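J.: In the order they appear, the protein sequences are chains A and B. Sequential numbering of the first sequence, starting at 866, is according to the working numbering. Sequential numbering of the second sequence, starting at 866, is according to the working numbering. Note that the Cβ used here is the ideal one computed from N, Cα and C, for glycine as well. From a predicted model like this one, the values you see are computed outputs, not experimental measurements. Attaching a single structure in structure tokens format; questions to follow.
2 protein chains.
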Amino acid sequence: MVDLLEVATEPTRRRLLQLLAHGEQTVTELSGEFAVSRSAISQHLLLLEGAGLVAARKEGRNRHYRLDQAGMGRLRCLFDAFWTSELDQLVADAHALRPHSPQGES
Amino acid sequence: MVDLLEVATEPTRRRLLQLLAHGEQTVTELSGEFAVSRSAISQHLLLLEGAGLVAARKEGRNRHYRLDQAGMGRLRCLFDAFWTSELDQLVADAHALRPHSPQGES
DNA sequence: CAAATGCGTTAGTGGTTGCTAACGTATGTG
DNA sequence: CACATACGTTAGCAACCACTAACGCATTTG
Numbered sequence: 866m867v868d869l870l871e872v873a874t875e876p877t878r879r880r881l882l883q884l885l886a887h888g889e890q891t892v893t894e895l896s897g898e899f900a901v902s903r904s905a906i907s908q909h910l911l912l913l914e915g916a917g918l919v920a921a922r923k924e925g926r927n928r929h930y931r932l933d934q935a936g937m938g939r940l941r942c943l944f945d946a947f948w949t950s951e952l953d954q955l956v957a958d959a960h961a962l963r964p965h966s967p968q969g970e971s
Numbered sequence: 866m867v868d869l870l871e872v873a874t875e876p877t878r879r880r881l882l883q884l885l886a887h888g889e890q891t892v893t894e895l896s897g898e899f900a901v902s903r904s905a906i907s908q909h910l911l912l913l914e915g916a917g918l919v920a921a922r923k924e925g926r927n928r929h930y931r932l933d934q935a936g937m938g939r940l941r942c943l944f945d946a947f948w949t950s951e952l953d954q955l956v957a958d959a960h961a962l963r964p965h966s967p968q969g970e971s
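This is the structure:
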């Protein structure tokens with residue numbers, strides 16, 4: 866139903882995942898890093914949780930979010946499936962750009 | 866201001882990029898691979914072109930699209946910037962804990 | 001030359017999304 | 001125990017997005 870890559874690449878959520886890579890944090894702590902409200906961050910986190918990319922732990926009245934290893938592994942697999950060897954070759958060619966005009970593949 | 870990662874990860878556009886990895890194609894040829902109309906495909910291609918991920922060549926009344934090496938290189942850089950070493954370590958740990966196939970989850 | 005056909009792009013629209021405002025609930029405080 | 005405060009979640013809405021339908025333009029055909 867949900868596309869992991871799309872869920873993960875939305876800019877705010879992407880940054881949330883990066884922040885959580887350093888360790889678990891609460892909604893309020895995380896929202897301190899953003900210009901938008903706690904509410905917005907909470908909703909992004911709930912979406913990430915639904916996608917299996919993060920998990921939550923209740924402690925007192927706080928909710929500590931952390932990355933889900935399995936989910937992040939699936940995300941990595943999806944990207945590797947997208948980034949085929951053809952694309953690797955293509956990008957390598959771009960890096961090897963020389964004064965000579967680049968000929969397309971036949 | 867478009868976000869390259871978001872533009873590239875939308876499922877239809879992701880597939881378009883994969884198809885174009887095999888060589889240049891016209892709008893009509895590409896749309897043959899999808900369930901949606903030529904119009905939808907054309908718009909996705911225009912968006913990709915605007916993001917600098919593909920380029921077009923006019924020939925007769927056809928428009929041949931192909932991948933843009935530089936743009937795809939930038940895309941790769943963005944992903945590498947997102948996928949920090951912390952995440953690599955995290956996923957490596959997950960594999961060590963569960964050496965099973967990462968696809969099957971439930 | 002005029003009509004027909006084919007290719008690709010714009011106009012218009014329903015569904016989705018990310019946001020702020022209002023809320024429920026749990027924890028302090030007198 | 002009643003009130004105040006803090007944390008996280010739902011209600012409602014403007015903006016966006018992906019799609020189909022209608023279109024313009026180029027090429028082919030009679």
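Here's the rule: buried if 16 or more other CB atoms are within 10 angstroms of the residue's CB, otherwise exposed. What is A/D953?
T.: By 1-based counting over the first sequence, the position of residue 953 of chain A is 88. Classification of A/D953: exposed, given that the 10 Å Cβ count is below 16.
J.: Can you give me the Cβ contacts of B/T893 inside the same chain, cut-off strictly under 7 Å, excluding the 5 residues immediately before and after it?
T.: Taking the first residue of the second sequence as 1, we reach residue 893 of chain B at position 28. Same-chain partners within the cutoff: R903.
J.: In chain A, which residues lie less than 8 Å from B/D868 when you measure between Cβ atoms?
T.: As a working note, residue 868 of chain B is residue 3 in the second sequence. Result: T874 and P876.
J.: So A/A961 packs on B/A935, CB below 8 Å; how close in whole Å?
T.: Residue mapping note: residue 961 of chain A aligns to position 96 of the first sequence, counting from 1. Residue mapping note: residue 935 of chain B aligns to position 70 of the second sequence, counting from 1. With a Cβ gap of about 12 Å, A/A961 and B/A935 do not count as contacting.
J.: Return the CA-CA distance between B/Q968 and A/G938, expressed in angstroms with no decimal places.
T.: Position 103 of the second sequence, counting from 1, holds the residue named residue 968 of chain B. Position 73 of the first sequence, counting from 1, holds the residue named residue 938 of chain A. Any answer about B/Q968 is weak, because its pLDDT of 47 lies below 50 and its placement is not dependable; what the coordinates show is given next. For B/Q968 and A/G938, the distance between alpha carbons rounds to 9 Å.
J.: For B/V956, does the count of other Cβ atoms within 10 angstroms reach 16, so buried, or fall short, so exposed?
T.: Taking the second sequence and counting its residues from 1, the one referred to as residue 956 of chain B is at position 91. Counting Cβ neighbours within 10 Å, B/V956 comes out buried, since at least 16 surround it.
J.: How far does the beta strand (DSSP E) with A/E924 in it reach, from first residue to last?
T.: Locating residue 924 of chain A in the first sequence gives position 59, counting from the first residue. It spans V919 to E924 - the beta strand (DSSP E) in which A/E924 sits, taken as one unbroken run.
J.: So A/V956 contacts chain B; which residues on that side make the cut at Cβ distance below 7 Å?
T.: Position 91 of the first sequence, counting from 1, holds the residue named residue 956 of chain A. Residues of chain B passing the Cβ test: Q934, M937, G938 and R941.
J.: Within this structure, are the beta carbons of A/E914 and B/E875 separated by less than 8 Å?
T.: Taking the first residue of the first sequence as position 1, residue 914 of chain A is located at position 49. Taking the first residue of the second sequence as position 1, residue 875 of chain B is located at position 10. Cβ distance not < 8 Å, so A/E914 and B/E875 don't count as in contact.
J.: Distance, Cα to Cα, B/S971 vs B/Q883?
T.: Taking the second sequence and counting its residues from 1, the one referred to as residue 971 of chain B is at position 106. Taking the second sequence and counting its residues from 1, the one referred to as residue 883 of chain B is at position 18. Residue placement at B/S971 is poorly supported in this model, since its pLDDT is 35, which falls under 50; the coordinates are not used for a value here.
J.: Using a Cβ-Cβ distance cut-off of 8 Å, determine whether A/L884 contacts chain B.
T.: Residue 884 of chain A sits at position 19 when you count from the first residue of the first sequence. No, A/L884 lies away from the interface with chain B (no Cβ there is under 8 Å from its Cβ).
J.: Do you know whose CA, among B/T891, B/D868 and B/A900, lies nearest B/R926's CA?
T.: Counting from one through the second sequence, the residue named residue 926 of chain B turns up at place 61. It is B/T891 whose Cα lies nearest to the Cα of B/R926.
J.: Considering just the uninterrupted stretch of the alpha helix (DSSP H) at B/H929, what are its terminal residues?
T.: For this step, residue 929 of chain B is matched to residue 64 along the second sequence. Unbroken run through B/H929 is the beta strand (DSSP E), N927 to L932; no alpha helix (DSSP H).
J.: Between the alpha carbons of B/L910 and B/V919, how many angstroms are there, rounded?
T.: The sequence position of residue 910 of chain B within the second sequence is 45, counting from 1. The sequence position of residue 919 of chain B within the second sequence is 54, counting from 1. Rounded to the nearest angstrom, the two C-alpha atoms are 8 Å apart.
J.: Going by alpha carbons, who is nearest to A/R931 out of A/D868, A/L869 and A/L895?
T.: Working through the first sequence from its first residue, we reach residue 931 of chain A at position 66. If we check each option's Cα against that of A/R931, A/L895 comes out closest.
J.: Nearest-angstrom Cα distance between A/L940 and B/S907?
T.: Start at 1 with the first residue of the first sequence, and residue 940 of chain A comes out as number 75. Start at 1 with the first residue of the second sequence, and residue 907 of chain B comes out as number 42. Approximately 28 Å between the Cα atoms of the pair.
J.: Look at the alpha carbon of B/E889 and the alpha carbon of A/E898, and state the distance between them as a whole number of angstroms.
T.: Taking the first residue of the second sequence as position 1, residue 889 of chain B is located at position 24. Taking the first residue of the first sequence as position 1, residue 898 of chain A is located at position 33. Rounded to the nearest angstrom, the two C-alpha atoms are 43 Å apart.
J.: Kindly indicate if chain A contains any beta-carbon less than 8 Å away from that of B/E898.
T.: On the second sequence, position 33 is the one that residue 898 of chain B refers to. No, no contact with chain A.
J.: Just the C-alpha distance for B/L885 and B/R928, rounded to the nearest angstrom, thanks.
T.: Here residue 885 of chain B is taken as the residue at index 20 of the second sequence, counted from 1. Here residue 928 of chain B is taken as the residue at index 63 of the second sequence, counted from 1. When rounded, the distance between both Cα atoms is 13 Å.
J.: Can you check which of these residues, A/H887, A/A916 and A/T877, is closest to A/A900 by C-alpha distance?
T.: Walking along the first sequence from the start, residue 900 of chain A turns up at place 35. Of the candidates A/H887, A/A916 and A/T877, the one whose C-alpha sits nearest the C-alpha of A/A900 is A/T877.
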